[in-house]
Structure formats: structure tokens, C-alpha cells
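Chain order of the listed sequences is A and B. Going letter by letter, the first sequence gives residues 9 to 640 in the working numbering. Going letter by letter, the second sequence gives residues 26 to 407 in the working numbering.
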Amino acid sequence: MHRDSDRYRLFSRRSILLGGGQAALFAALAGRMYYLQVVESERYTTLAEENRVSLKLLAPPRGRIVDRFGRPMAVNRQNYRAMLIPEKAVDVARALDTFGKVVPLSEAETERILREVGRKRRFLPVLVRENLTWDEVARIEVNAPDLDGVSIDVGESRHYPDGIYTAPILGYVSAVSEEEMTGDPLLELPGFRIGKAGLERVHDEALRGRSGTSQVEVNALGREIRELERREDQPGTEAWLTVDLELQKYTARRLGEQSASAVVMDAHTGDVLTLASTPTFDPNSFNRGLTPEEWRNLIGDPRSPLNNKAIAGQYAPGSTFKMAVALAALEKGAVTPDSQVYCPGHLELGDATFHCWKPEGHGTMSMAAGIVQSCDVYFYEIARRTGIDRIAAMARRLGLGAKAGIDLPGEKPGLIPSRAWKKKVKGESWQAGETLLAGIGQGFFLVTPLQLAVMTARLVNGGKAVRPRLTKQLVPFDARETAGPDLPAFESLDIHPSHLELVTNAMAGVMNSPRGTAFRARIEQPGRRIGGKTGTVQVRRISKAEREAGVLKNEELSWEERDHALFVGYAPVDNPRYVVSVIVEHGGGGASVAAPIARDILLEVQERDPSRGRSQARLPGDAVSGPAEREG
Amino acid sequence: MALSFSHDPELTLGRKIWQIPWMFVLLVAMTASVGFVMLYSAAGGNLDPWTSRQMPRFGVGLAVMLVVAVTDIRLWLRYAYVFYGLSLALLLAVEFVGTVGMGAQRWIDLGFVSVQPSEIAKVTMILALARYFYASRVEDVGRLTHLFVPALLIAAPVILVLNQPDFGTAALLLFTGVVLLFLAGVRAWLFTAAGLAAVAAIYPVWQFVLLDYQKARVLTYFRPENDPLGAGYHILQSKIALGSGGLFGKGFLQGSQSHLNFLPEKQTDFIFTMLAEEFGMAGGFGLLGLYLLLLIYGFAISLRCTNHFGRLVGMGVTSALFLNIFVNVAMVMGLVPVVGMPLPLISYGGTAMLMLLFSFGLLMCVYVHRDVTLGPGAASGD
């Protein structure tokens, strides 16, 4: 056993050595564990969360836009869409190829999809096709096994039930362009739309709402296991407008296919009941995406459907400007209401002759008669006595020549010239003849239909600086009851009440006295009688030779050369509430073309007046009803 | 070669059972229970499919272990080479009739049960080496020529297992063999020389033997981060799961990485990761503590044994257990390359469990027969 004890000693020694080595390795394991689970724990915890949690955005429904009675103007409709998640489709091009065999895709569509795939993060779905029919949905579902990465979802898309009537107000929404990407992932959601024009653009942020998020737990393959946390989206704010949808539709239909526009406003509150511009476009087609041909037609139309003429169409005011001239003259004391001016049919100034629209002349005119009969010579004369700067100042006070400040994008300011303006812009001094022309609203003057409506409102509301508005209030989706915002108290324009009375009475005479230029467009119904002023604006110069040969009638001219027909009016004459302005481009005479349209609109708006019993029975809501009532 | 046994008539079956280290059995059962709990969790809180099958296997294994513990140790000494030969035959058989599982030929279907011959070889190689060195004189062990046979005993199963290919088990066999050579008294400078030779061989092998794709594979073994979606995926996910477990873990059944399948092979090779994710460092240390106790038992039994065969078998079993634990745990923590290696007593798997318990049975058998003199084997070695 001696040898065995040697062997045992060796064995024991080496066993203990081995044990020591093993203990050291065990300690290494423990140390590594400590490093991973304590020292580096936070890092791995973050990685683990990233591993298992995937964040999904929930698109908020866009806020509705409703008229003053709560009638929907812009809503959301269910929309079946085919989506493609590039990450899940192994080969995007092949996936689209397969999809095209099920639901044909045009080359342009394929191009757009590929572009979007390249632009977006690979785990975000890309819209392949929307507004799928049931049949198409079924075909896609049946072929699902071959369509890797393609899925169907139900989204919402914007819909304008009366799009072609409301487009000038609402504008439209359409897909987010590359320049508009702000990095907000909401904008990257497939098929997401933003407001591009009109109120959709103005209130875009509010209407959009806030996206919700859904945190889903995913496994290693990206399949969703369950929802961990959900933050509901916040639907967009609902916009209540001042517009009366039915009146808007009526007005737009009344204007018809002519290149025209009309604005109806509440003279006291500035609520715009109607803002029509024809012809217009279908905003639903913008949402869908225009075909090149549709686009060419819109661009090529001489009646410029994309231009909102009510706020961006600039015209010489013509005779509708005479009220401003009259007020300026009265204020200066250049004339008294009873001052007489003789009209022989023309007025000589130096070498130039200024003609009245009535070649044989009006005879002796007072101010009231001058407005009622729209005598040009009378206004040449009082303009001469008043001077351009005072006329321009009065025009600006009445709201002309500057943006009216309506809540729409793209409003134009128009132009009210003055001596200083001409010096600065044209580098020439003001000519006396130009002052005469100013008396009849011709020359450099440019106004928009909206400004004319504002001017008329300020004339008939007692000289208050009313400002137009389209949005009554924005109602957050979760608001239970909201009081309408207080109406701003409009400051006074400091125009003498008797002057205003004289002018508005004269406007009543335009319609209601047999000599009035728009007598034929009067409303005889008691209590609904209206006042107004016609305007006819030449778009071409009438030469002396032509005048001697006899002025051509509008019907004999080509459309582009015909006169613009203008009209501003108010109703009712006893207690003015509504004002209207109508411009028909190249329509002809203000009295014959614009006045009848304005008459119909003013009759309609009075018929609809919610303070009348008949209307109340017919309308679903009431002008003063709050949005809280809509839930019922 | 005549072996003379001195029989101890005192050691009856009853006494043997009394001699069984029941504390060790309890530790084994406790460790295995941790395994059941983890398999239950791996199945998402279900007994099926793993726990329900692993438990009866453990029961059978436990019975085998206890039976082996009370067998006469001389039986194992006498038939050590026979068992070794049989296991080599099985390994050869795998070459021809083995079924492919997880990309390697490891299984042999015996009709009623599938076995992994490499697992069996781990035990029989220990027995054969112990038998060989038991019969060697201490002077002989120092001679190089005397090392030819044990080198062959180690090389044969290693080469066959490598051929399957199963790098993990091959490495385990090799290291267990080397440890036994060391304990048997092979000169220390030989190990140094072999180590240096291996290091020296790296360059020519890398340069002239390995093909590019093989090199790439070796590189990813050592730098898994470079290929996070390919070969490095498993180890990266394992580290994420483990690291996110923190000090006390995410709670039983709450291991998100494991349950969402980010963790591969969570019921077998990566089960330690799941344990560490759900029970944190505390849980991991707890299991390592159990293993440590088992290993200390192994050392104590081996050192206490008076016969050399018993000592070598005891240390062989203990070292194999250690290597098994170390390679697996180090692998899931990214310390050593990923090789297929189950965690002893915990991972799902029949043959591994059975053979491990069998080897524990041998260890206990050594304890039961610690004072039995097997005869001066070395003296009558030739």
C-alpha cells in the first residue's frame, strides 16, 4: 500500500489544485452574472423593452365641419384600404405584382407606392389602394396567403356631402407631400390627409386631433401578442361655422355656371352665411387624388374654378363705390344732402369729357337722386369737390382696400389709390381726372366681393366696423356644453348717423322707387323689401370713335370683353340685418344681371331667417343653439 | 492481468442503503425540481409538453441512480472496458443509422427509446480511464509510452462525436479525459507542452486547413455581436434576457424575452437564461449554489475514497459535471462560444438526464464502497 499512498498524495494534491481552478471559474461565472444583471442591467432592460414592445399610432378621426345649424359639411366615411408593410413583404416589387393580379394597379400607383416605401420607415404600412369595394376586399382576402405583408384595414376618409357648393369655404384635404413632412409620425401614417386649402387648412391642427398610441407586445417574428397599453386617440375638434349650408347651396346654384361670386353676411355680427364662388371644384376628387386630365381641366378653365373669387377676385367697384364717395363728400361738407348738380349727360374737365351712363343726362340731381339713378355726372362733381384722399380714407373706413380679415387663406387686399400711393408706385402725380373717375369707382380701384359685403354691412348697421367671420366656434370633441363665444363689440366708424341714413335710404330707393336703377329687381312683399346698389364695370376702353358710332351692347362683345355686373344690397329695409354682394364676371349690367340674383338670395335668406316661425319649423336647429344639442 | 479483490462480508445490501449519501440525493432532487419549475415556465405555464415528460424520466433516473449506488463497485471495475467498447459501438452505429436532430447526427433510435450514445460515452470513458490508471503503477504513469492507451481511450469517442458533429460534447469528453490524466499523475510539463503545441497549431490550421466559411463560423463564435441577426442572434438575445432580469428577476412566468420566443432553445441549452430572467441574479446564484454543493460532495467523496478506482471515477464524474455546468452557463452569458450543451439536471432531455443520474449513482457507489479495498491493482498490474 506504500505506492498507493504516494499515488493518493499526488491525487489529493492535484484534486485540490483542480478544485481551486474550478472555484475560480465558478467565481468568474458569478462575476459575469453580476456584470450582466446588475452593472449592465439597465441597458439590457431597455433592449428587452425595445425587443418586445412595438408602438402603433392610432389615427384620430378628423373633426367634422358643420354649418351654423349643425348640418354636416365635412364628415368622415368608412374606407376599406389595402396596406402593405414593407418589412413583412420580402420583396415589395413582387408583392405589388401579385397584388396587381388581384386588384389591378396602374403604373402611376405602383410608382407612388414604391416611392413611399422608399421614404417611410420599413415597419410603417404604406397605402396600396383605398376605397376598395366589397368585391375587391373579398378577392384580396381570398388571396391573402400569396400576399405577404398586405392587409386590409378600415380607415376613415374625408367626405364633403355638398362638396361642389362648399369648396370655396372648406377647401379640401389631400395626401401629405414630402415637403410637408415634419417628422411627426402621424403624418407618415398611410393615407393621412391634411388640409390644403380653405378652412380645412386654417383649422388643420385643431381638426386633426391627437394621435393615440397602442403599445403592443410582439414576439421575435413581429407578431402581435397582446396590447400592453393604449392611449386613446383624441378626435379632432368640431368646427361650427357661421355658414347656412342650405343658403350656401341655394346661392351657388343661383349663380350657376357663370364665373361669379356672392357673399351673404349678417350686418351686425359679421357672420358669413354664404361665401360662394362659381364655378368651383369637387373637393372629394382632391382627397381621392386628381387624374391628370381633371387637373388640366381645372387649370385650363378661363372661369378659374380654383380661384376663390369672393375673397381673391379683385374688381373695380364701379357704381357700388358711390356710397363711399357720398359719405366722404358729406363729411367734408363739400355738398349738403340737398345740393343740386345738373347732369347734361357729360362733364368737361380740361380737354377731357367724362360721360354719364345716360347720354341724354339726368337733369338736376340731389344726392339721393344721384344714388337712386346712379348719375355719374353727380358723382364726378362731388368727387372733384371732395378730393381723392378723403374719398380713399372713407373707402378704407368702410373696409375697402385692405384684407377684411376673414378666417380663410388667400384673401386679397384690393386697392384704394391715393396721391401718395400713385407717387410711390407709379412715380407720377395724381391727375384731376382720376379723381373724377374715383367718383364712379373706376380707375385704379380694386375691391373683393367680401369687402363689398363688409362695406354694405357697415353702411346699414349704424356705422360699426363689423368684421367677417366663417368660424363660429371650435368645439373640442369632449366638450359637454359650450357657450358660444361672445360677439366682439365692433367699434364705431364715426360716420354721422344722418349721413348713413341718407345713403341707406337712397339704396332703398334704388330698388323701390320707379326711377331706381334696380326697380325691376325689387321685392314687393311687405317687411321683406330690400335696398341695394348696382354697379357695371367696363373691362375695356370705349374709344371716342366707337362712342360716336354707338356703343356696342354686351351681347355683341366676346365674353372676355363684356362688363362685370355688380350689386350690393341689404334686407330688410326697415331693420337691416342681411347684406349681400354679387359679382358676375363679364355678366353685363349690374341692374339686369347681378341685381336679380341678389334679390333672390336676399329673399331666400329672409325666408330662412330662424327668428321667423315658418323657418323654425323647417330647420333642424336654430341659430343660437349650442353644439350640446346635437347629441340628442 | 489478474485482479484480486478483497471482499468485505460486512457490506450487506441493508448496510449499503444505509451508506447512501442521502443528503446528496436530496440535493439532486432539489436541483431537478428547479428544472421542473423552469420547464413549466418554458411551456408558458403548462406541464405539457416538457415537465410532464421530464418528471417520470427523472423518476426512472433516480431509481437507476440508487440501484447503481448499491451495486458492487468491482462490477464496474471488471467490466469497465466492456461498457466502453459497447458505447463506442453505439457511437459508430450513430454514424450509419443515427437520426439527424438540430443539424447533427446524435440520436440512435432503439425502437422503444432514442438514445444519445455520446452521453453514454461520457460515463464509460471515465470508467475505462479509471480502470486503466487504477492498474498502472505510479512510475509507469510518468512514462510517455504508458500514455498511448489512455490517449486512444480519449481520442476514439472524441473523434466520433466530433464527426456528428457535436463540438460541445467532444470538448467535454476531451477535457474530462485530460482532467483524469492530470489526476492520475501524468507529468505536469506534458500538459504545458500540449497546451503550447495547441496554441502553435492555431496559425497553420487557420491559414492552411480551414476554408473561408469555416473561418467565418469560428469568428462569429468569438464575436457574436458582429452578426446580430445570424449566428450572433442567440447569444445576443440570451444576454438581453439575462441582463434585463436584474437582481431579482421579472418573476415566475414573467420572463418576457423567453416567453415571446426571443430566446431560442429555452427548454434546453438556454434554460439558465430563462431562470436568470425570471428570478434574477438571486435565482441564478441560488442554482449555482446548489451545483456548488453537489460539486463539493463530489470532491469530498473522491478524496475520502481509499481505492484509486473509486477516486478516479468520483473525480471524473465530478469534473464532467463541473465542465457541463460551466460550459453551459458561460455560453449563455457570452463567455464561451455557443456549443450545444445542456444544463445538468435542468435542461429537457432524456439520455442526458439518465446518464447524469447514472454517473451520480457511480459517485454514490464510490462513497458506499469508500473503504473497500480492491486489491493492489497497481502492484499486480503486469
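Here a beta-carbon is modelled for each residue, glycine too, at the ideal position from N, C-alpha and C.
| Asked | Found |
| --- | --- |
| Given 8 Å, three or more beta-carbon pairs between the segment 288 to 296 of chain B and the segment 347 to 360 of chain B | yes |
| Interface residues of chain B facing A/E48 [CB-CB closer than 8 Å] | G268 |
| 8 Å Cβ cutoff met for A/R262 and A/I531 | no |
| Counted within 10 angstroms of its Cβ, other Cβ atoms place A/I424 as buried (16 or more) or exposed | buried |
| Inter-residue spacing [alpha-carbon to alpha-carbon] between B/S66 and A/V98 | 34 Å |
| Cutoff 8 Å: A/L37 Cβ touching any chain B Cβ | yes |
| Within chain A, partners of B/V204 - CB distance below 7 Å | L26 |
| Inter-residue Cα distance where the pair is A/T8 and A/K480 | As displayed, chain A neither begins before 9 nor continues past 640, which places residue 8 of chain A out of reach and without an answer. |
| Residue span of the beta strand (DSSP E) that contains A/R80, given as start and end | Before going on, a small fix: residue 80 of chain A reads as Pro here, not Arg. Taken as a continuous stretch (DSSP letters only), the beta strand (DSSP E) holding A/P80 covers P80 to L92. |
| Contact list for the segment 291 to 311 of chain B against chain A, Cβ threshold 7 Å | A301, G305, M306, G309 and F310 |
| Every unbroken alpha helix (DSSP H) inside the segment 305 to 358 of chain A [4 residues or more] | 317 to 320 and 330 to 340 |
| Interface partners of B/K264 on chain A, CB under 7 Å | L44 and Y52 |
| 8 Å Cβ cutoff, A/L33 in contact with chain B | yes |
| From A/R398, A/A516, A/K432 and A/L416, residue whose alpha carbon lies closest to that of A/A446 | A/R398 |
| Members of the segment 318 to 341 of chain B that neighbour chain A once the beta carbon cut-off is set at 9 Å | L320, I321, F324, S327, L328, T331, N332, H333, R336, L337 and M340 |
| Spatial neighbours of A/A529 in its chain, beta-carbon cut-off 6 Å, leaving aside the 5 residues before and after | A603, P604 and R607 |
| Between the CA atoms of B/L206 and B/L215 - distance to the nearest angstrom | 10 Å |
| Within 8 Å, strictly: CB atoms of A/L408 and A/L478 | no |
| With 16 other Cβ atoms within 10 Å as the buried cut-off, status of A/I248 | Note that residue 248 of chain A is Trp in the sequence shown here, rather than Ile. Buried: at least 16 other Cβ atoms inside 10 Å. |
| Residue of A/H370, A/Y323, A/A465 and A/D486 minimising C-alpha distance to A/G451 | A/Y323 |
| Contact set for B/G268: own chain, Cβ-Cβ below 7 Å, skip 5 residues either direction | none |
| C-alpha gap between B/A195 and B/F383, whole angstroms | 20 Å |
| Unbroken beta strand (DSSP E) run spanning A/I591, endpoints | Y586 to V592 |
| Residue-chain proximity (B/R193, chain A), Cβ-Cβ < 8 Å | The residue asked about is misnamed: residue 193 of chain B is Gly in this sequence, not Arg. So, not an interface residue. |
| N-terminal and C-terminal residue of the beta strand (DSSP E) that A/G577 is part of | H572 to A579 |
| Contact set between the segment 346 to 375 of chain B and chain A, restricted to residues whose Cβ is under 7 Å from the partner | F347, F351, V354, A355, M358 and L360 |
| Residue interval of the alpha helix (DSSP H) (run including A/E615) | A603 to R616 |
| Within chain B, partners of A/S222 - CB distance below 8 Å | The contacting residues do not exist; A/S222 stays about 17 Å from chain B at best. |
| Three-way DSSP call (helix, strand, coil) for A/S219 in this model | coil |
| Min CB distance A/S20 to chain B below 8 Å | yes |
| Given A/D143 as reference, the closest of A/G171, A/V110, A/E115 and A/A175 once Cα atoms are compared | A/V110 |
| Closer than 7 Å at the beta carbon, the chain B residues around A/S23 | L208, F324, S327, L328 and M340 |
| B/F121, buried or exposed, once every other Cβ within 10 Å from all chains shown has been counted against 16 | exposed |
| Closest Cα partner of A/N315 within the set A/A38, A/L195, A/V184 and A/G418 | A/G418 |
| Proximity test, Cβ basis, 8 Å: B/Q279 and chain A | no |
| The segment 156 to 167 of chain A contacting the segment 82 to 95 of chain A, beta-carbon criterion three pairs below 8 Å | yes |
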